[in-house]
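Chains as they are written, first to last, in my numbering: chain E, 337 to 619; chain W, 321 to 636; chain H, 3 to 489; chain U, 65 to 412.
Even for Gly, the Cβ is constructed at its ideal location relative to N, Cα and C.
Below is one structure; the comments refer to it alone.
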Amino acid sequence: MILQYATPVALAATGETIGQKSGVIYIGLEGSMLAGAFFAMLAAQSTGSPWIGLVAGIAAGLLLALLFGWFTIRRGIDQVVVGTAINLLALGVTGTIYRTQFGKSGTLLSVAKLPPVFGKIDAVEILLLLSAIGLTWVLQKSALGLALRATGEYPKAAEAAGFSVARLRFIGVACSGIFAGLAGAYLSLGISGSFAENMTAGRGFVAIAMVTFGRWKPMWVLAAALLIGFAESLQFTLQAAGVQAPYQLLIALPYLVALTVLVVVGRGTVAPAALAEPYVKGD
Amino acid sequence: GSTGDTAKTETKEGAPAASGEFKVALLTLGSVNDSGWNSMAYEALNGIKSDMSATVDNQEVPPTNAKDALRSYAQKGYNLVFGHGYEYNEPMAAVGPDFKDTIFISSSGGKTASNVGAFRFYLEQSFYLAGMLAAKQSKTGVIGSVAVLDIPSINSTLKAYEAGAKAANPNIKVLPPVYFGVENDIAKAKQLTESIIAQKADFVIHQANAAAKGVFDACAEKGVSALGSNLNQNSEKGVVASAFIVAKPAFLQLAKSVKDKTFKGEIVLVGMDSGTIDFEINPEYKSKVPADLIKLLDETKENIRTGKLVVPKDEF
Amino acid sequence: MTAKSGLHVENIVKRFGSLTALENVSASFRPGEIHAVLGENGAGKSTLMGILSGFVVPDSGTVMLNGNPVPVGRPFDCKRLGIEMIHQHFTLVSEFTIAENFALSRLPGLLSSSEVSARAEPSLAAATRLGWELEPGRRVSSLSVGAQQRIEILKALGGDAQVIIFDEPTAVLSPDEVEDLFRVLRQLKSDGHVVILIAHKLSEVLSIADHVTVLRRGKWIASAPIADVDERKLAEWMVGELPPPLAERKGTELVPGLVGQDLTVLGDRGEAAIKNCSFEIKRGEILGIGGVDGNGQLELAEALVAVRPVAGALNFAGKQVNAEEMRISYVPQDRQHDGLAMGMTIEENLLITGHRKPMLRKGPFLNFRALNQWANELVKRFSVKANSPADRVAGLSGGNQQKVVVSRALDEQPDLLVVVNPTRGLDIRATEYVHSKIQEARDAGAAVALFSTDLDEIYALADRVMFLSRGELIADTGAESLFGAKA
Amino acid sequence: MNGFLRFGLLLAGLIVVLLLTLAAFQLPIVDSVKLIFDGAFSDKFAWSRSAVKMTPLLLTGLGMVIAWRAGVYNIGGEGQFVVGAIFGAAVGKGLIGANAAAIPGGSLLILVVCAIGGALWAWIAGWLYVRRGVEVVISTILLNFIAIQLLGFAVSGPLQEQKRQVPQTDLLPDSLMLARFDRQTDVHLGTVLALVMAVVLTIFLYRTVAGYRLRLVGDNPKVARVNYIDPGRVQLSAMALSGAMCGLAGGVEYLGLVGQLGTTFPQQWGFLGIPVALLGGLNPMLTAGAAFFFGALFAGTENLARFTPAGTTIVYVIQATAVLAYVGLSGLKKARPKPEEETESTPS
Ligand SMILES: Nc1ncnc2c1ncn2[C@@H]1O[C@H](COP(=O)(O)OP(=O)(O)OP(=O)(O)O)[C@@H](O)[C@H]1O
Ligand SMILES: Nc1ncnc2c1ncn2[C@@H]1O[C@H](COP(=O)(O)OP(=O)(O)OP(=O)(O)O)[C@@H](O)[C@H]1O
Ligand SMILES: [Mg+2]
Ligand SMILES: [Mg+2]
């Protein structure tokens, strides 16, 4: 099912949209996803409940995002540098704990998976669809959304309006982290029922690309992620059907599709003007 | 200036001490917790540690770093360095002449020297048997395979799988191997398995290492049979048989020959004859296999073991 | 009214690195009074206002409002206490609509719905009260500077402010707009607000303020009721002496210069910003082009300097305008957007035009020795207040930033000089200097196009005057009606 | 500039955090630190190890400096690195066939072609940005993924070894490899080349007219435009130069170290160039310092992983903490953040 496999990227991208709207590009998204995947698995494995697992995954994703926020928002350090370090940290911590606990025996790790709620659809997939709508509302219609967008466009204006730029950006990056954690948890508990080192395999970066692809609008970001998900499943189907083409070309297909769409669509809404720019209160 | 790798040998300090301590290192490309190719070698290394009370060490080393890693171990007086992958063969051939007191052995690879050799696991033998089982047991007449990468060590086994299938049932349709391309991506492995099940395959073998969970999961959900590989995975859900390597005896034997100084730089082919390669049907599934098929499989296994049947394999 | 009512600052000190921007400044601002703060560029006016509104944290000193201490460095609290500031550099989100910008500054907190139209209401009501017409759904980025300033003012009027600070609000306004603004100031005053005004034009100050305070190089110089001062006195406080009057025009001969015939220029959104304009500027002549901001000034100016494509004939001395063969100098209207690289040093900003000078180059390389000498000289000549040309322009006051832009444009004798509001934000002395440099350029044979929203400036400098209205150039037929025309 | 004092403070804080990390993972602290230090600095092998790792990092870092300085946020160094090497390998294959020893300057030719390959790959993203408005951040991410697949295709298709067994190219003969200084170590001429490039780039950025224009465009493209500098053209050239530098990094790795391409060739050097460049404040000489810091850190932690049960994963933790400690302290020590009041521009 395309929706299921597209869900991790779609979730992470939707959350990241909010973060970027507030002016923070969270390069550590991949790390939050991986931490989410691992700690969700760990909690589900030790408690037997995938639901507790989900919560643990979200918490792990959030924690890393807040660490990122402390460095970039409070200390004004470059977001790309800190994000890269966060990714390394997540890879290292999850890998180290995993290696000491699992995978030595030679048997594959299995944990309880999320049960479906409606037919084949499970709770997280429903949540994804709802959150795309919900976040659109938040951005367009809520006070928080207005302030967040102002922070991403022109932080000085948000500050002049009486808001703390730092607090707003923390909210934004927390949103990125929470959704990335959930996305990771879904990868391990919703789809795989297991964990493997670095199992997110670049999905965080794809999600960041999807935010731009979807022009910073949650619904479009969701659509973009689904389009890529579709291209992905198409390439698998083509491979399985024995289509005579280098398989590398097929694997590259989703990325080629995205690039082509962008070339055709071209210039659209531009990025939030203050994206990735540290804000230091005037002194 | 530049110096070729064939220039005169320098003797390094820290060459193996005469103290009698036996030191063995293992280089792997990926994590040794992959429940597959690498973890098998890691188990064997631990076997050497416990059985020969050797000092052991292991490290994940990309081929770009291989020479440096090999030199470091040699300088620290390691007697034997295993490189678990053909990728290590060239670097070993390059570094070997400088460190005559250390033996370098790669899993596969064609270059040898007096202290450089290679191991070749004849895993194709058991994949051949897996193919036979699948072809005979398939109800849809279609079987398939899922692999992580399009590399010769993997492809060779999948070819043997196809050969075995065709030998047992000439009408069987063997889907071409499909690749998900990224190590450890369980979700992709699962999605890909679903897509070949959609092509009617009801037996699926894998070369997915840590992502094998995705293959088994998809098979279990769709009610088709999965075949394990590299390690005996018969305890996993949905796995009806496994084609695997028992690495420890082979590694141990090799380590002993190094310790006894009887090692010769050569390429050693290890297969079913030494018990290193094996094929086993899940005991729970055995009841569903007709007796004549079990007999056929046993006979074929015996023929392979005695060399009467030579399973095709690629050189690399 | 108690003695404590109003806004009081005491012993404010603020340093930026080695530079002391404010040194022990104290002042009192009373309700029902318009209080002007005067001083040269870089005197510390904006810094002081930043402290009052919480945007700048002082090193020491206190701020009291009606007898209660104002928390320093916290814009939100200052705003809640009723201190609103109209910034010299606006704080509008240009991607937002007018209504969204209003709503943003009226949000009660984060946990509610935005209700943009409801929250924009007080500001829109204030607009109606002041007789300003607005389209609330329009994007701020599409508005002229004058219109943006109104939005900035209305934003402040949407709440119940007690103190309203205007930092150089008149710098880019036309006389009508200034008069309109003063009407608003008087109304605020009669409503009992504390009104603080920063302006450079003494005539404006004398006509509106009730009280003045003068700063010089970060120090408090004097405070006095308006009745006690005159222009001479203020100028003396500010700069020590009054600059000499403008030199009379030398009788140079007029030579054919820039001729535009049926010019049409497109704006950024593809609209025809300039329609079928024709004009001539002889060498040795200044053509003043007046009009309310946003009527095509930017587009026409960019077309004249050949950075914006133009339809029609644009010739210089009989040949098509060709940037390669003639020297064109340009002072753009928006210094921070079009004039300066804010991350670079003063010297590097001077190089923006300077890097083409053969004397500053050695083949593909820059000639640093010549460069330092040249930059030092420019900085001195235009008295840019900075420690050295290696300082970053971001640390300069608004007026000093303007000097950097103007100095590099007027450094060398151009064939064609196009200037847009060249003295925006400059103090008297700097204004006089720039004016004299423009005249000098003219006298040396440049064709000069002077775009300005300041009628005084136009009539003081220009040899001929035209007006831009809705993309059309009209000969001078009495300015009043034209300035009445709204963008 | 009291940069040295700051650097010293950073270094001290960094060491403290490293110690804490090791303790957290129950590694013997003194031995571990010694292993890390030995791995990076103890003898010629260690120094060479650090230098070998610094080399591609410095080149890709410099590539990032060029693009980011021009205001183009190239994060496609990885793809440009890989494609550069593929281009070079194509020439390499030709040279092997044509009896390389007979061709003087073969390595130079390969390096040049690598640079061209990287430049072309970056140019695609640059063109998409300048002419079609596609953000570089997204196009380069996508091009990175595509480049990896392109490599897989190349080494199992047109560029595969003669024997056609393994997905890799044929090993280059020594005559085509970059000179090494000592046959016992891997350090090669590429390291010198990278350092020279840092100096060249410094001169370019700060001493030449073209470099000045590049920085101006990066700071404010509109100012450049009204002063007759076409920002699009400058950014496109910057992107191509940036890609050339990353392609060169790929070439240096290919000719200096491995001599053949396989699917394991990409080791994230292109990606790591970004933090290296940013840590170096987008200044070429400081980037060289940052690259050496990263290189030594990688070499040292690798040594730790080699001789203790600590695996690659702990190495990542140590690297991450080291970087965070470094930037965290530099943030704490930042004497004066840039004045925001005047840097934000007026909406127009
Ligand atoms: N953020 C800052 N960093 C460094 N120096 C600053 C900063 N802000 C202001 N300054 C310096 O402080 C001094 C006072 O600046 P301020 O902006 O208050 O001047 P001003 O009186 O408003 O001048 P103008 O009339 O030109 O706007 C100037 O010399 C300026 O260079
Ligand atoms: N002072 C000026 N006034 C008007 N136009 C100018 C001026 N200086 C340069 N130009 C324009 O800018 C263009 C490029 O300038 P210049 O020749 O100095 O730079 P360059 O380094 O040769 O760059 P290019 O490679 O674009 O030719 C010129 O063709 C000219 O049209
Ligand atoms: Mg000011
Ligand atoms: Mg030229």
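* **Member of U/Ser96, U/Phe329 and U/Met303 whose CA lies at the smallest distance from the CA of U/Val129** => U/Met303
* Relative to chain U, which residues along the stretch 340 to 365 of chain H have a C-beta separation below 8 Å, given in chain order? -> Asp340, Gly341, Leu342, Ala343, Met344, Gly345, Met346, Glu350, Leu353, Ile354, Thr355, His357 and Arg363
* To do: Compute every distance between the C-beta of H/Asp429 and the non-hydrogen atoms of ligand 1, then say whether any falls below 7 Å.
  => yes
* Asked: So is U/Thr365 in contact with chain E if we call contact Cβ pairs under 8 Å?
  -> no
* Starting from H/Arg431 and walking both ways along the alpha helix (DSSP H), at which residues does that stretch end? -> Ile430 to Asp445
* Run the proximity test for E/Phe566: is its beta-carbon closer than 7 Å to any non-hydrogen atom belonging to ligand 1? => no
* Tell me, please, whether the CB atom of H/Glu102 is closer than 8 Å to any CB atom in chain E? => yes
* DSSP three-state assignment for E/Leu585, whether helix, strand or coil -> helix
* Can you tell which of H/Leu159, H/Arg358, H/Val395 and H/Asp169 has the C-alpha that lies nearest to the C-alpha of U/Ala274? -> H/Arg358
* U/Ala183 versus U/Lys227, U/Asp238, U/Val201 and U/Gly127, residue with shortest Cα-Cα distance -> U/Gly127
* Asked: In terms of residues, what are the limits of the beta strand (DSSP E) holding W/Met592?
  -> Premise fails: W/Met592 is in no beta strand (DSSP E) and is neither H nor E.
* Could you tell me which of H/Val309, H/Gly290 and H/Asp295 sits nearest to H/Arg152, measuring between CA atoms? => H/Asp295
* Rounded to whole angstroms, what's the CA-CA distance from U/Gly326 to U/Leu215? Just pull it up for me. => 8 Å
* **Assigned secondary structure, H/Ser115 (DSSP; H/G/I helix, E/B strand, else coil)** => strand
* To do: Please check the pair H/Ala449 and H/Glu287, which I expect to be a contact at CB under 8 Å, by giving their CB distance rounded to whole angstroms.
  => 6 Å
* To do: From the DSSP output, read off the bridge partner residues of E/Lys477.
  => In DSSP, E/Lys477 forms no bridge with anything.
* Grab me the residues of U/Arg113's own chain with a C-beta within less than 6 Å of its C-beta, minus the 5 sequence neighbours each way, in chain order. => Ala363
* Asked: Which partner residues does H/Met468 have in the DSSP bridge list?
  -> H/Ile291 and H/Ala477
* From E/Leu403, E/Ala448 and E/Gly550, residue whose alpha carbon lies closest to that of U/Glu199 -> E/Gly550
* Taking the alpha-carbon positions, what's the H/Asp193 to H/Asp162 distance? -> 11 Å
* Asked: If you draw a straight line from the alpha carbon of U/Lys227 to that of E/Leu570, how long is it in whole angstroms?
  -> 34 Å
* **Element boundaries [alpha helix (DSSP H), containing W/Thr375]** => Careful: W/Thr375 lies outside any alpha helix (DSSP H), inside the beta strand (DSSP E) at Thr375 to Glu380.
* Asked: With DSSP run on the structure shown, which of helix, strand or coil describes E/Val417?
  -> helix
* Any non-hydrogen atom of ligand 1 within 7 Å of H/Phe18 CB -> yes
* Asked: Can we count H/Leu398 as close to ligand 1, meaning its CB is less than 7 Å from some heavy atom?
  -> yes
* **Selected residue, minimal CA-CA separation from H/Trp222, among H/Asp445, H/Leu40 and H/Phe469** => H/Leu40
* Asked: At a Cβ threshold of 8 Å, is U/Gly359 touching chain E?
  -> no
* To do: Please say whether E/Thr548 and U/Ile202 have beta carbons closer to each other than 8 Å?
  => yes
* Asked: Using a C-beta cutoff of 8 Å, does U/Val414 count as contacting chain W?
  -> No answer is possible for residue 414 of chain U: it lies beyond the span of chain U, which begins at 65 and ends at 412.
* **Paired residues, beta bridge with E/Asp314 - DSSP** => Given a span of 337 to 619 for chain E in the structure shown, any question on residue 314 of chain E remains unanswerable.
* Straight-line CA distance for W/Ser355 to W/Asn529? -> 6 Å
* **Cutoff 8 Å: U/Glu142 Cβ touching any chain W Cβ** => no
* In chain E, which residues lie less than 7 Å from W/Gly534 when you measure between Cβ atoms? -> Ser528
* **alpha helix (DSSP H) runs wholly inside the stretch 283 to 342 of chain H, at least 4 long, in chain order** => 299 to 306
* To do: Ignore the nearest five residues each way along the sequence and tell me which others in E/Ser368's own chain have a CB closer than 6 Å to its CB.
  => Gly397, Leu400, Ala401, Gly513, Ala516 and Gly517
* Touching or not, the stretch 200 to 211 of chain H and the stretch 120 to 140 of chain H, by the rule of three or more beta carbon pairs under 8 Å? -> no
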